[in-house]
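Participant: So the sequence lines, in the order shown, correspond to chains A and B.
Note that the first sequence covers residues 604 to 1012 in the working numbering.
Note that the second sequence covers residues 604 to 1012 in the working numbering.
C-beta: ideal position from N, C-alpha, C; glycine also.
Please read all numbers here as calculations on a predicted model, not as lab measurements.
2 protein chains.
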Amino acid sequence: MGTEFLKIIDVEEAKKIIRNLFKETYKLKSENIPVGDAYNRIVSEDILSTIDLPIFDRALKDGYAIKSEDSFGANEENPKILNCIDKVEAGSFSKKTIKTGECIEISTGAPIPDGADAVVMVEYSEKLEESSTKDIAILKSVPPTEDISKKASDIKKGKLILRKGTILNPVKIGILSAQGIDDVNVFKKPIVSIISTGNELLNKNEKIEPGKIYDANTNLIKGVVLASGGIPLTKDIVKDDYNELKMKINGSLNSDIIICSGGTSAGVGDILKNVVDEIGEVLIHGISVKPGKPTLVGKIKDKIIIGLPGNPVSAIIIYSIFIDSHIRLISKSPEKGGNKRINFELAKRIHSAKGRMEYLLVQIKNDKVYPILKDSGAIASLSYADAYVKIPKSVEIVDVGEIVEVILF
Amino acid sequence: MGTEFLKIIDVEEAKKIIRNLFKETYKLKSENIPVGDAYNRIVSEDILSTIDLPIFDRALKDGYAIKSEDSFGANEENPKILNCIDKVEAGSFSKKTIKTGECIEISTGAPIPDGADAVVMVEYSEKLEESSTKDIAILKSVPPTEDISKKASDIKKGKLILRKGTILNPVKIGILSAQGIDDVNVFKKPIVSIISTGNELLNKNEKIEPGKIYDANTNLIKGVVLASGGIPLTKDIVKDDYNELKMKINGSLNSDIIICSGGTSAGVGDILKNVVDEIGEVLIHGISVKPGKPTLVGKIKDKIIIGLPGNPVSAIIIYSIFIDSHIRLISKSPEKGGNKRINFELAKRIHSAKGRMEYLLVQIKNDKVYPILKDSGAIASLSYADAYVKIPKSVEIVDVGEIVEVILF
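#1: Is the beta carbon of residue 649(A) less than 8 Å from the beta carbon of residue 836(A)?
#2: Going by DSSP in three states, residue 946(B) sits in which element: helix, strand or coil?
#3: Under the criterion of a Cβ to heavy atom distance below 7 Å, does residue 864(A) qualify as lining the ligand GDP?
#4: From the beta carbon of residue 811(A), is the nearest beta carbon of chain B less than 8 Å away?
#5: By the 7 Å beta-carbon criterion, what residues does the stretch 974 to 992 of chain A contribute toward chain B?
#6: Check each candidate in 950(B), 718(B), 818(B), 708(B) and name the one with the smallest Cα separation from residue 970(B).
#7: Would residue 959(A) be called buried (16 or more neighbouring beta carbons within 10 Å of its own) or exposed?
#8: Along the chain, which unbroken stretches of the alpha helix (DSSP H) at least 4 residues long are found entirely within the stretch 819 to 858 of chain B?
#9: Alpha carbon to alpha carbon, how far is residue 967(A) from residue 973(A)? Give it in angstroms, no decimals.
#10: Given that residue 790(B) touches chain A, what residues does it touch there, using C-beta distances under 7 Å?
#11: Using three-state DSSP, classify residue 700(A) as helix, strand or coil.
#12: Give a yes or no on whether the C-beta atoms belonging to residue 744(A) and residue 677(A) are separated by under 8 Å.
#13: CA-CA distance, residue 907(A) and residue 769(A)?
#14: Quick one: grab the DSSP three-state call for residue 993(A).
#15: Drop a sphere of 10 angstroms on the beta-carbon of residue 631(A), count the other beta-carbons inside from all chains shown, and report buried for 16 or more, exposed for fewer.
#16: Whole-angstrom Cβ separation of residue 765(A) and residue 753(A), contact assumed at under 8 Å?
#17: Which chain B residues sit within Cβ distance under 8 Å of residue 696(A)?
#18: Whose CA, out of 935(A), 683(A), 806(A), 850(A), lies closest to the CA of residue 829(A)?
#19: Let's test the definition: count the other Cβ atoms within 10 Å of the Cβ of residue 605(B) and tell me whether it reaches 16, buried, or not, exposed.
#20: Based on the DSSP output, what are the partners of residue 910(B) in its beta bridges?
#21: What is the rounded straight-line gap between the Cα of residue 620(B) and the Cα of residue 826(B)?
#22: Using beta-carbon positions only, say whether residue 739(A) and residue 728(A) come within less than 8 Å of one another.
#23: Determine whether the Cβ of residue 605(B) lies closer than 8 Å to any Cβ atom of chain A.
#24: Among 741(A), 823(A), 732(A), which residue has its Cα nearest to the Cα of residue 772(B)?
#25: I need the straight-line Cα distance from residue 873(B) to residue 953(B), nearest angstrom please.
#26: Can you find a CB in chain B that lies within less than 8 Å of the CB of residue 818(A)?
#27: Going along chain A, which residues have a C-beta under 8 Å from residue 837(B)?
#28: Which partner residues does residue 954(A) have in the DSSP bridge list?
#29: Would you mind telling me which residues of chain B sit closer than 7 Å to residue 803(A), beta carbon to beta carbon, in chain order?
#30: Just reading off the alpha helix (DSSP H) that residue 1008(B) is part of, what are its end residues?
#31: Quick one: what does DSSP say residue 925(B) is sitting in, helix, strand or coil?
#32: If I measure Cβ to Cβ from residue 998(A) and keep anything under 7 Å in the same chain, skipping five residues before and after, which residues do I get?
#33: Give the interface partners of residue 752(A) over in chain B, defined as CB-CB distance under 8 Å, in chain order.
#34: Residues in the same chain with beta-carbon distance under 7 Å from residue 618(B), minus the five sequence neighbours each way, listed in chain order, please.
#35: Here's the rule: buried if 16 or more other CB atoms are within 10 angstroms of the residue's CB, otherwise exposed. What is residue 860(A)?
#36: Taking just the CA atoms, how far does residue 696(B) sit from residue 721(B)?
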């Protein structure tokens, strides 16, 4: 036993190493998916319109397609009588061309027949049933283009419709569909394998026995990876065994990132560090932070590997501080809503470990900050936390009544 | 032809009928799903803890389990020497009981052996290798409970851990997992069948031909249903044919809600209305609103059926105003972030249809409101819309410079 860290480094240095690791290691990829499945995804290239919208002059109302000048001067008292030569419904078209004195019955969405330049709504027309010819009385004078949606008036073929980086909300998906575009290139989300390690962890459905606990980390980390925009791939629990862990990690190298938890502290013999040392490179092993000192960061080939502490509360704090923003960045997810900083009065004295940056969970009640003084295994207590405070490594005591800056979750 | 609406009703009356319809027709259901898949779902019952957490007194550090009184007075110069009688790692336990003068080597997470009441961190100990007995020098005086997480200190068995209605964020999922709870009852999301109708609509991969257009509504409505928290089930396009539509609707009655688009205006002969009249009940057919007058609302057995206008822009406006909030409510999704109302100056005169409430899409530029004066088929133009303004039915003209209230999307 005995802590054998590579080299304990400061929080800021760790952040820099992790930033560079993601930048240099992870390459943005795109994938082609059905437009209908692309809700909330991000387009990975500029998209041009492939057709005019509308693709033809379209009737906006049910009524009669006419030459507008045939209606000039018409009103209820002085209707103009036109000869109806055809009927066209949405989805079909008329082969006839309207000449002066003629009209064609038309439905909303149907293409405007040749020769016509306006539509008179059905409300402003009257069928002259008694007449032997198909005569229609037009009761209103309409200008050219009345109730016609002109070809390409919404968008012209070849125009930019979506810029690279656009988030596909329902309307944007509708635009692509209206263009007849079935598939779209979007940024691929990073795949994150999740491996919990520990002899003490029970697998699902195993009965509790002395010394054993249920694994919280697999599902907990799956949740935060989802929240960051990654695709989690949960793996079976691994015992504190070098070969078993190495095999599981080798089998997870088809993902972009591997997040282990547990197996990083000295007590279990630095198994994770030894595995990464052998098949990859350890970049960080030990950060001067509480909780989460035994955090490991490394790479194996072009994949990123993170070792979080085994305690769920520590794991989640380290993930939030060091990993979350990078997974959001590479999965093109929006920045976390929170991370808002507010000042409050401290309601209870804090004793902090000197020589390490401490992230302490707190609850905010009546505008005062109450530290959550539970150990970092206490996951149920974590659910009361609203925020955390950062206590610099040089500070040992923060007293009641001092103003502290809290960072909201 | 000729518009044959049941009875055109006002917006407020329509909202009331729809509110009552959802209230009386849709029954909240719950389903049992794996905890690991429950991210962002809502628990449908109070959940009590099934075990104490921790389930045993747990070591928080690597070191030695001792009787604390054996350490009293110890320091670097005056160590206390204890006899190490066993070793216990996480996941196992010691059968031995510590007596005065004895200690047991212990790993983080391992159960505290009987007789011990404190842990001394390994950093404050020294193995006396040269000694023939297994002697350990304790270099620090520690109080009782030092570095022990007491059984049930995080949460007691039988206590409420999640209240009905709690959203399952990663931490809450972690709590359930730590309890060994594998499955959880959550509110079921409503299943929404989506049917686009129209002779003019091309199915996926069909080549464009005269008078035909690509269907935007299926994917557009799928997107907004997802945004509201429902589970969309998209169906093939239906032609304007009574029997075909009736068959498709009958085949969709295993969902909770059916949303059709198109087929509601007079031009296609009120097909949807006639189908609902036959196999169910039409509650609304025609709302005094622009766009979206031919909107239909009805029920078939215990299922809700909505007929949206065929034009995508009209469809989306009617969905936003009349349907979205109800699907959010029954799927227990958060209220829409937007719906914020702000006053701005109008930059361009608006002519509105008298006698109907009008919802007009607008773009906000330099703190001024620009109406988007495109027809309601113009979906590409819709992508520039930031908000809409409501123009009461009594108003015909809103002039440049007037202050209007915009409702943000």
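Facilitator: Here's the rundown:
#1: Translated into positions along the first sequence, residue 649(A) becomes position 46. Translated into positions along the first sequence, residue 836(A) becomes position 233. Result no, Cβ atoms of residue 649(A) and residue 836(A) do not sit closer than 8 Å.
#2: On the second sequence, residue 946(B) is found 343 positions in, with the first residue counted as 1. In this structure, residue 946(B) counts as strand in the three-state DSSP scheme.
#3: Of ligands this structure carries none, so the ligand GDP is not represented either.
#4: As a first step, residue 811(A) is located in the first sequence; it is residue number 208 there, counting from the start. The beta-carbon of residue 811(A) is placed less than 8 Å from the nearest beta-carbon of chain B.
#5: 977, 978, 980, 981, 982, 983, 984, 985, 986
#6: Translated into positions along the second sequence, residue 970(B) becomes position 367. Taking only the C-alpha atoms, the option nearest residue 970(B) is 950(B).
#7: For the purposes of this step, residue 959(A) is taken as the residue at position 356 of the first sequence. Under this definition residue 959(A) is a buried residue.
#8: 820 to 831, 845 to 853
#9: Residue numbering aside, residue 973(A) sits at position 370 when the first sequence is read from its first letter. Residue numbering aside, residue 967(A) sits at position 364 when the first sequence is read from its first letter. Between residue 973(A) and residue 967(A), the C-alpha separation is close to 6 Å.
#10: Numbered from 1 along the second sequence, position 187 holds the residue referred to as residue 790(B). Per Cβ cutoff of 7 Å: no residues; residue 790(B) is ~18 Å from chain A at best.
#11: Reading the first sequence from its first residue, position 97 is the one you call residue 700(A). Strand.
#12: Stepping through the first sequence from its first residue, residue 744(A) is reached at position 141. Stepping through the first sequence from its first residue, residue 677(A) is reached at position 74. Yes, the Cβ-Cβ distance between residue 744(A) and residue 677(A) is below 8 Å.
#13: Taking the first residue of the first sequence as 1, we reach residue 907(A) at position 304. Taking the first residue of the first sequence as 1, we reach residue 769(A) at position 166. Answer to the nearest angstrom: the Cα atoms are 27 Å apart.
#14: On the first sequence, position 390 is the one that residue 993(A) refers to. Residue 993(A) falls in the strand class under three-state DSSP.
#15: As a position in the first sequence, residue 631(A) is number 28, starting the count at 1. That one is exposed.
#16: Residue numbering aside, residue 765(A) sits at position 162 when the first sequence is read from its first letter. Residue numbering aside, residue 753(A) sits at position 150 when the first sequence is read from its first letter. Actually they do not touch by this definition, with Cβ atoms about 23 Å apart.
#17: Translated into the one-based positions of the first sequence, residue 696(A) becomes position 93. What residue 696(A) touches in chain B: 813, 814.
#18: Stepping through the first sequence from its first residue, residue 829(A) is reached at position 226. Among 935(A), 683(A), 806(A), 850(A), the Cα nearest to that of residue 829(A) is on 935(A).
#19: Counted from its first residue, the second sequence places residue 605(B) at position 2. Because residue 605(B) sits at a pLDDT of 39, beneath the cut-off of 50, its placement in the model cannot be relied upon, and the point is left open.
#20: Position 307 of the second sequence, counted from the first residue, corresponds to residue 910(B). Note: residue 910(B) sits in a beta bridge opposite 863(B), 899(B).
#21: Here residue 620(B) refers to the residue found at position 17 when the second sequence is read from its first residue. Here residue 826(B) refers to the residue found at position 223 when the second sequence is read from its first residue. Rounded to whole angstroms, residue 620(B) to residue 826(B) spans 25 Å at the Cα level.
#22: For the purposes of this step, residue 739(A) is identified with residue 136 of the first sequence, where counting begins at 1. For the purposes of this step, residue 728(A) is identified with residue 125 of the first sequence, where counting begins at 1. Closer than 8 Å, so yes.
#23: Walking along the second sequence from the start, residue 605(B) turns up at place 2. Note that residue 605(B) has pLDDT 39, beneath the 50 cutoff, so the model's placement of it is unreliable and no number is given.
#24: As a working mapping, residue 772(B) is identified with position 169 in the second sequence. Of the listed residues, the one whose Cα sits closest to residue 772(B) is 823(A).
#25: Looking up residue 873(B) in the second sequence gives position 270. Looking up residue 953(B) in the second sequence gives position 350. The alpha-carbon atoms of residue 873(B) and residue 953(B) are separated by roughly 31 Å.
#26: Here residue 818(A) refers to the residue found at position 215 when the first sequence is read from its first residue. So, interface residue.
#27: By 1-based counting over the second sequence, the position of residue 837(B) is 234. Simply 639.
#28: Taking the first residue of the first sequence as position 1, residue 954(A) is located at position 351. 1000(A).
#29: One-based indexing of the first sequence puts residue 803(A) at position 200. Result: 693, 694, 712.
#30: Translated into the one-based positions of the second sequence, residue 1008(B) becomes position 405. Residue 1008(B) -> not in any alpha helix (DSSP H); beta strand (DSSP E) instead, spanning 1006 to 1011.
#31: Here the question's residue 925(B) lines up with position 322 in the second sequence. If DSSP states are grouped into helix, strand and coil, residue 925(B) belongs with the helices.
#32: In the first sequence, residue 998(A) corresponds to position 395, counting from 1. Contacts found: 955.
#33: Position 149 of the first sequence, counted from the first residue, corresponds to residue 752(A). Close partners of residue 752(A) in chain B (Cβ separation under 8 Å): 978, 980, 981.
#34: Taking the first residue of the second sequence as 1, we reach residue 618(B) at position 15. Here the set comprises 925.
#35: Within the first sequence, the letter at position 257 stands for residue 860(A). Burial call: buried.
#36: The residue you call residue 721(B) lines up with position 118 of the second sequence. The residue you call residue 696(B) lines up with position 93 of the second sequence. Roughly 16 Å separates the two Cα atoms.
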